[in-house]
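K.L.:
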Amino acid sequence: MGTSARCCRAPISGAVSEPARTALPESPESPEVAVVVPCYRYAHYLPDAVRSAAAQTWPNLRIVIVDDGSPDETAAVAFRLAADLPHRRIDLLRQPNQGLAAARNAGIRATSSPFVLPLDADDALAPDAVEKLVRALAAAHADVATPLGRTFGNEDRRLVTLPATRRRLRAGNCLVYSSLFRRGLFDRIGGYALNLRAGYEDWDFWLGALERGARFVHVPEELFRYRRHGTTMLTGADRQAMALRATIVTNHPSLYPRWRVRLAGRLLRAADRPPSWVRAGMLATFLLDRRLELFWRQLRRRGEPRPA
339 MGTSARCCRA PISGAVSEPA RTALPESPES PEVAVVVPCY RYAHYLPDAV RSAAAQTWPN
399 LRIVIVDDGS PDETAAVAFR LAADLPHRRI DLLRQPNQGL AAARNAGIRA TSSPFVLPLD
459 ADDALAPDAV EKLVRALAAA HADVATPLGR TFGNEDRRLV TLPATRRRLR AGNCLVYSSL
519 FRRGLFDRIG GYALNLRAGY EDWDFWLGAL ERGARFVHVP EELFRYRRHG TTMLTGADRQ
579 AMALRATIVT NHPSLYPRWR VRLAGRLLRA ADRPPSWVRA GMLATFLLDR RLELFWRQLR
639 RRGEPRPA
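Residue 339 is where the sequence shown starts when you use this note's numbering, and the numbers rise one by one after that.
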């Protein structure tokens with residue numbers, strides 16, 4: 339079957355969409371999966387992420403690159419990738435800078451794919467990641483499928499995740515952000531929260547899934563590649579952890595005790611000058627969650643292979 343690429347411009351939710359696409363066979367056995375790749379200042383990493391998505395063994399794939407007002411060559415790199423990979427449908431969505439959560443939301447809403455896999459521009463996927471996640475999700479009749487991962491770049495180690503439970507997710511994020519989920523779940527949640535621009539938006543999303551009765555399946559294979567390099571969004575979020583955790587709690591009051599929701603709300607309303615008792619209370623809950631996270635991390639390390 340011959341392939342062709344074309345580019346056009348059309349407004350999508352106030353953004354500019356510039357797709358370069360090829361025809362792909364649609365089949366009930368291989369439903370379309372949208373791999374959504376937001377990019378801001380990571381044009382130099384973008385080829386690794388997109389090529390890893392294009393190399394998937396899953397036949398029916400749509401790659402959506404979201405240029406989130408990036409001041410670098412993100413758009414030019416995206417067009418080159420579309421030209422170099424004509425066997426895959428690659429769309430470019432451009433918008434003013436709004437942050438990671440808004441970029442993911444825009445990319446997902448620009449598609450009608452029944453399954454979604456987020457992938458940040460500096461990370462990558464194992465070649466069979468989509469296929470194994472889709473099959474695991476379907477076999478378990480689940481809404482979310484989360485894999486293990488492996489770091490690369492400045493560090494090379496196994497990234498161990500754990501099966502999602504209510505208790506684990508309330509204490510901290512035990513999933514990788516690059517987990518496959520159903521588009522219907524995204525619509526029920528309403529997308530990624532926009533009040534967590536500094537980070538933890540994926541943890542918030544999984545808590546929203548938990549609130550709505552979503553089923554999670556754990557895939558114990560290294561299918562996700564997380565790049566370690568300098569200061570990332572995650573390290574920045576860790577520096578603002580207390581305020582971000584307070585926002586998480588107020589976003590999901592049904593999952594936390596009422597006193598904790600009130601305490602978190604008081605901290606956020608006080609901004610930079612909360613009363614000492616509020617800071618002490620938040621610190622106590624923060625330390626409790628951190629202790630639980632350390633416990634989960636110890637369990638994760640047991641799953642890491644020991645050096646010979």
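Every residue gets a Cβ at the ideal spot worked out from N, C-alpha and C, and that includes glycine.
1) Alpha carbon to alpha carbon, what distance is there between Arg495 and Ala440?
2) State the CB to CB distance for the pair Thr484 and Val514, rounded to an integer number of angstroms; the pair is presumed to be in contact (CB under 8 Å).
3) To the nearest angstrom, how far is the alpha carbon of Leu548 from that of Leu523?
4) Can at least three beta-carbon pairs, one atom from the region 374-389 and one from the region 402-413, be found at a separation below 8 Å?
5) In the DSSP output, what is Gln433 paired with across the bridge?
6) Nearest CA to the CA of Asn589: which residue from Glu539, Asn511 and Glu560?
7) Within 8 Å of any Cβ in chain B, is that where the Cβ of Arg565 sits?
8) Between the C-alpha atoms of Pro349 and Arg596, what's the straight-line distance to the nearest angstrom?
9) Does DSSP put Gly528 in a helix, a strand or coil?
10) Quick check on Asn398: buried or exposed, where buried means 16 or more other Cβ atoms within 10 Å of its Cβ?
11) Return the first residue and the last residue of the beta strand (DSSP E) that Gly568 is part of.
12) Restricting to Cα atoms, I'd like to know which of Tyr383, Asp525 and Met580 is closest to Leu606.
13) Which class does Ser390 belong to by DSSP, given the choice of helix, strand or coil?
14) Using the Cβ count rule (16 or more neighbours within 10 Å means buried), how would you classify Pro456?
15) Based on Cα-Cα distance, which residue from Ser408, Asp466, Arg389 and Arg535 lies nearest to Ile428?
16) Rounding to the nearest angstrom, what Cα-Cα distance links Arg505 and Tyr594 in this structure?
17) In terms of residues, what are the limits of the alpha helix (DSSP H) holding Leu518?
18) Which same chain residues end up closer than 7 Å to Val472 when comparing Cβ atoms and leaving out the 5 residues on each side of it in sequence?
19) Using C-beta distances below 8 Å, list every residue in its chain close to Val557, excluding the 5 sequence neighbours before and after it, in chain order.
20) Give a yes or no on whether the C-beta atoms belonging to Arg563 and Ala464 are separated by under 8 Å.
21) Just to confirm the assignment, what range does the beta strand (DSSP E) spanning Gly445 have?
22) If the criterion is Cβ atoms closer than 8 Å, does the pair Gly529 and Asn435 meet it?
23) What does DSSP give as the partner residue(s) for Thr484 in the beta ladder?
24) Looking at the strands, I want to know which residues DSSP matches up with Pro456.
P.N.:
Working from what's here:
1) 30 Å
2) Right, their Cβ atoms sit about 6 Å apart.
3) 10 Å
4) yes
5) Asp406
6) Closest by alpha carbon: Glu539.
7) Absent from the structure: chain B. Only one protein chain is present.
8) Legend: pLDDT at Pro349 = 33, less than 50; position of this residue unreliable, value from coordinates given subsequently. Each residue's alpha carbon lies about 43 Å from the other.
9) coil
10) buried
11) Bounds of any beta strand (DSSP E) do not take in Gly568, whose DSSP letter is neither H nor E.
12) Met580
13) helix
14) buried
15) Looking from the CA of Ile428, the closest CA among Ser408, Asp466, Arg389 and Arg535 belongs to Arg389.
16) 10 Å
17) No alpha helix (DSSP H) holds Leu518; the beta strand (DSSP E) holding it covers Leu518 to Arg520.
18) Excluding positions up to five away in sequence, the list reads Val371, Trp396, Phe453 and Leu518.
19) Lys470, Leu471, Ala474, Ala483, Thr484, Pro485 and Leu486
20) yes
21) Here Gly445 belongs to no beta strand (DSSP E); instead the alpha helix (DSSP H) covers Leu438 to Arg447.
22) no
23) His556
24) Val374
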